[in-house]
Amino acid sequence: MKPSRLVAEWSALAIATWLVALIVIYSQAGQRADDFLYDAAMVASVDQANGTSQTLIVAIDNRSIDDVGPWPWPRERIASLVDEIDRHDPRVIVVDILFPESRPGDAKLAEAIRTSGKVVLPIGVEAPGYNGQPYALIEPTGILSGATRVQGHASVLPDRDGVVRSIERVIEIGDRRVLHAAVAAAAAHPAPNGEPAPAAPGIEPSVRLAFSAMPGDYPTVSASEVLKGNVPPELFAGRDVLVGSFASGLGDTYATPLGTENQNLSGVELMASALVAERQGSWITLPQRPVIAIGTLLFLTLAVIAFLRLNATGILVVSVASLVAIASLALVLLRSGVWISPAAAICGLLFASLVWIWRRLRFVDRAISTEFPLKLKPAGNPTGSLFSDPLEERLLALKRNLAALEQSNLSLDTLVHNLPDPTLCLDLDGRITLTNDATNRLFERVAADPWPADITALSNLFVPVGDPTDAGARTRHLGLDVDGHLIVPPELRTRKGDWFVAATQALSQPPRWIVTLSDITHIKQSIAARERSLQFLSHDIRSPIAAAIALIDRTEGGGQDDPASAHLDEAKSRLHQALSMADQHVLLTKAEEANYAPARFNLISCAQEAADTCALLATQKRVEIREHFPHGSIEVHAHEPAIARCIANLLKNAILHGSAGDDPVHLIAFADGHWANVAIEDGDTATVATMRQAIEHYDESGQLRHDIGLGLAYCVTVARKNNGLLEIVENDGRKSVILRLPLATPTADFAQA
């Protein structure tokens, strides 16, 4: 899809999503959806232990009606109930019973109220009121009204669906402001060490109520048990006590977010929830609709932006995660006293995700049907089903055509996989599209991690071939030229020393190249061995033997002044040198052709054995070997006999050529990160450059230079065969030849050492 079209579709989706969200925020249908979510969240957030422990309901229930008599009870009985409750020192007594008319016994009830000083009486409210007023008050009869110091209205504020979610903390009738009974009770009788309730002018008129318990879960005692004196006094002491009707057919019940029609909240329970909320300040605040709209649109914009970079699965995951996050955030904030009205965000997110996924599927459907109109023409509906899916039919047709295309390439793929040599296929962009088992084994052998995916990564597995001074030879790598043509050098060498000759073949259907790498490592090794043998026979052996012959000739034809024994000793030494060189040549040839079987061993013990081997020579040459082993044990995984001979060769070379007089040879074994190291240090720095250049050339070309000794060549070969290397280091006027091998188990202790 073109970027301009994608941006246009995304913009249209964003605008449509915003409109959906705004409709939900400002419409009545959206309000019903939000109320549904609010009710579910309220049920999940009820914390009964938080506040209800300080509340007690004295219920005029069916048991009380049976014991005391039918309702309404005489005012004297209500007075006795108030006296009994007040005798146990409650914090406040809220009598949720209206007394609009005078009756016998009012004087005794008024006396009980006046004596207690803690009684709050309710004021009934009728809507609409008289003379155009929104409300009309139904106050207690005069003697009772004068006896109580605190009164408050007991009206409720149902929503359009009849569910009570809010109360009016204060109502205004003309110039008169009347607090809700729960608000008035909390203000007149604050909790110990509690904050006083706000004055009436600062009270928000209508707020949502945070319910403190499910219906029937408030601490409750029967009024008849209170009258009998059967209730323990400690249940009343210091508590908010509410008196109200629970009996069937008495009092009022209300639908709340906490229950169904069979679980309505009684009026006294609603009063208890309001009193707990006022005590704790746990009213629910609703942000203004513009604030909700801004937050919702910002969230939806971020979600729709994320859709640009996601596939259908990603959109589904993000949408589900966002819905969970919205629900969790709404629940957490509700418990903190704020309701963010998440219905708009949820509806907008569902709309955006469904439309965007549908649009992507529609794009795929159209692309399949328009890009391949002939090849992918559906075969019809052979089953005659009315429920066939056009998109599924097109996808099945595409699958059939791809299967046919795959079948056409099957013979070539099978051929490539069965070839014994490493073979791979490249597309026109140089990407590797097919490899056989031999190629995979090659990647494993050269430690390619990750395996190369294109010709550039493949080229990095090989090193330049040719004269190191020839810059042109070093540029002959695998690759594509500026015209997209494949460049393959005639010979390739891996960093492990394997040699290959490359052959290529271009294909047209589909356009690609086949590259085959034939292993010529053994041929190269045979050529190198032959060259060494020729050099050995023509130069290395010939020179000492010729010198020995000359010395013998001098001995035979010399005068009396020439001591024959000295010349013969020198001749013997030269012949021994020739024999040693022959031995070294044999060892080198065997080392290059050997396939070592590595084993785990202690490199320090191996170095000590090599030092013991060279001890006699060091004594003869009056050279001291000083051993430095900071670690008790350094474990490596290599061929121990070859490593021991390698260390001995390096020690002998240092004893014979590197030190003189009081200058000792230092044998050091230490671990460094992932490497185990054996260093032979002496004072001969004159040969550093020559030895370093010789080793580097031997490492790159695999061919012996005339100025590198057979012993050093043997050490380089052994190090390479054991996945290690040989380094020449000069530091503070001293030369160090370092054999580096991989540690069997790299440790933090070695790394720190």
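In the working numbering, the protein residues as written are -13 to 739. The beta carbon of each residue, even a glycine, is placed where N, CA and C say it ideally should be.
Would you kindly report the start and end of the unbroken beta strand (DSSP E) that includes residue i?
i    : result
R720 : 720 to 728
G138 : 136 to 139
S152 : 150 to 154
E667 : 661 to 668
G132 : Looking at the DSSP string, G132 is not in any beta strand (DSSP E); the run it does join, the alpha helix (DSSP H), is 128 to 133.
Which of the three DSSP states, helix, strand or coil, is assigned to residue i?
i    : result
T3   : helix
G281 : helix
L603 : helix
P108 : strand
P328 : coil
Y582 : coil
E255 : helix
R612 : strand
G416 : coil
Y700 : helix
N117 : coil
L334 : Sequence inspection shows Gly at residue 334; the Leu mentioned does not correspond to that position. Helix at G334.
Do residue i and residue j have their C-beta atoms within less than 9 Å of each other?
i    : j    : result
V341 : A2   : yes
P144 : L84  : no
I157 : V111 : yes
D25  : P243 : yes
A170 : Q137 : yes
G416 : T442 : yes
I153 : V142 : yes
P728 : H660 : yes
D75  : G253 : no
D668 : R720 : yes
I332 : I278 : no
H139 : H166 : yes
R194 : I312 : no
V44  : I71  : yes
V229 : V80  : yes
T490 : V468 : no
A630 : K707 : no
What does the alpha-carbon distance come out to for the pair residue i and residue j?
i     : j    : result
G334  : G323 : 25 Å
L472  : N426 : 21 Å
L294  : A196 : 41 Å
V715  : W499 : 46 Å
G618  : K607 : 30 Å
A98   : L130 : 10 Å
M742  : Q249 : Here the chain has residues from -13 to 739 only, and residue 742 is not among them.
T731  : A705 : 18 Å
Q738  : A655 : Confidence at Q738 is low in this model, with a pLDDT of 41, below 50, so the placement of that residue is unreliable and no value is reported for it.
V54   : Q266 : 36 Å
L503  : A514 : 21 Å
T419  : D440 : 9 Å
W(-4) : I343 : 12 Å
L261  : S208 : 20 Å
L493  : T421 : 16 Å
L221  : V10  : 48 Å
C411  : V432 : 19 Å
D203  : R89  : 34 Å
E517  : T673 : 25 Å
F349  : L296 : 15 Å
T671  : A699 : 19 Å
What span of residues does the alpha helix (DSSP H) with residue i cover, start to end?
i    : result
R295 : Here R295 belongs to no alpha helix (DSSP H), and DSSP marks it neither H nor E.
G91  : Taken as a continuous stretch (DSSP letters only), G91 belongs to no alpha helix (DSSP H), as it is neither H nor E.
P627 : 626 to 639
A168 : 167 to 174
E62  : 61 to 72
L428 : 423 to 431
F22  : 14 to 31
V474 : Neither: V474 is in no alpha helix (DSSP H) and is coded neither H nor E.
D53  : 48 to 54
L712 : No alpha helix (DSSP H) contains L712, which is instead part of the beta strand (DSSP E) from 711 to 717.
For my contact list, residue i and residue j are in at a C-beta cut-off of 8 Å; report their separation, rounded to the angstrom.
i    : j    : result
A19  : A329 : 4 Å
L642 : L653 : Their Cβ separation, rounded to whole angstroms, is 15 Å, which puts L642 and L653 out of contact at 8 Å.
L478 : F429 : That pair is no contact at about 14 Å.
C592 : N635 : The Cβ separation is near 13 Å, so there is no contact.
L67  : V212 : 6 Å
A0   : T287 : 6 Å
Can a CB atom of chain D be found closer than 9 Å to the CB of residue i?
i    : result
L602 : This model lacks chain D altogether, as it is built from one protein chain only.
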